[in-house]
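Below: the structure, in structure tokens.
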Amino acid sequence: MSAATVVDESGLRAAIVGRVLGAMEAADAAVRMPPVEGDETGVEVWLRGEADLSAVDLSVAAVREVCPTCQRPMPRRTGVNTRRTVSTALGTNGDGSPTLGKGQLADLVRDFLNAHPGHEFNAGTIARELSRSSGAVGNALAKLVVNGGAVLTNDAPMRYTAPANKATAPGDAAAAAE
Numbered sequence: 199m200s201a202a203t204v205v206d207e208s209g210l211r212a213a214i215v216g217r218v219l220g221a222m223e224a225a226d227a228a229v230r231m232p233p234v235e236g237d238e239t240g241v242e243v244w245l246r247g248e249a250d251l252s253a254v255d256l257s258v259a260a261v262r263e264v265c266p267t268c269q270r271p272m273p274r275r276t277g278v279n280t281r282r283t284v285s286t287a288l289g290t291n292g293d294g295s296p297t298l299g300k301g302q303l304a305d306l307v308r309d310f311l312n313a314h315p316g317h318e319f320n321a322g323t324i325a326r327e328l329s330r331s332s333g334a335v336g337n338a339l340a341k342l343v344v345n346g347g348a349v350l351t352n353d354a355p356m357r358y359t360a361p362a363n364k365a366t367a368p369g370d371a372a373a374a375a376e
């Protein structure tokens with residue numbers, strides 16, 4: 199079983215699993231097998247050892263080995279090799295939301311500003327409302343200011359609003375057409 203499997207099934211952090219597996223290895227209750235040659239993941243596999251689990255002591259998990267040449271303590275190895283599982287579905291982010299095409303975030307930001315005329319927002323507030331990155335929203339706002347799709351109302355902190363001639367509430371466009 200790989201350490202990543204233990205992390206996924208137990209819900210524990212990788213650092214804790216690494217420490218427990220290290221203590222089990224020191225007590226011969228677990229055996230670390232090197233990655234299989236030709237396996238591109240490079241993940242180590244852990245097998246059940248011969249010793250009883252009651253012999254495992256977490257205080258000896260990070261015992262330092264001494265270098266045979268210089269007699270100095272060698273660095274502790276407390277981590278385990280784990281790989282994050284990522285979404286392989288095309289068109290989705292890691293959180294499951296759809297990926298946006300070129301210019302779509304700027305359109306979302308402009309629509310948000312136009313839906314709230316007269317209000318000033320910073321990039322973080324808009325990002326939270328749209329469930330997007332504040333850095334990406336800030337970049338979109340900078341482009342919108344250059345293109346005239348948004349107005350920078352304050353330099354520090356940077357706050358934005360919709361342009362006066364384009365800011366209409368959703369119901370105002372129908373009323374203006376009558």
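199 is the number of the first residue of the sequence shown in the numbering used here; add one for each residue after it.
Glycine included, C-beta positions come from ideal geometry on N, C-alpha and C.
- The DSSP-derived three-state label of residue 228 is strand.
- Ranked by Cα distance from residue 221, the first of 254, 249, 244, 210 is 254.
- A Cβ-Cβ separation of about 6 Å places residue 348 in contact with residue 311 under the 8 Å criterion.
- In the DSSP annotation of this structure, the continuous segment of the alpha helix (DSSP H) that includes residue 342 starts and ends at 332-345.
- When only Cα atoms are considered, residue 248 and residue 205 end up about 22 Å apart.
- When only Cα atoms are considered, residue 321 and residue 350 end up about 11 Å apart.
- As for any beta strand (DSSP E) of minimum length 3 sitting wholly inside the region 199-255, the runs are 228-231, 243-246, ordered along the chain.
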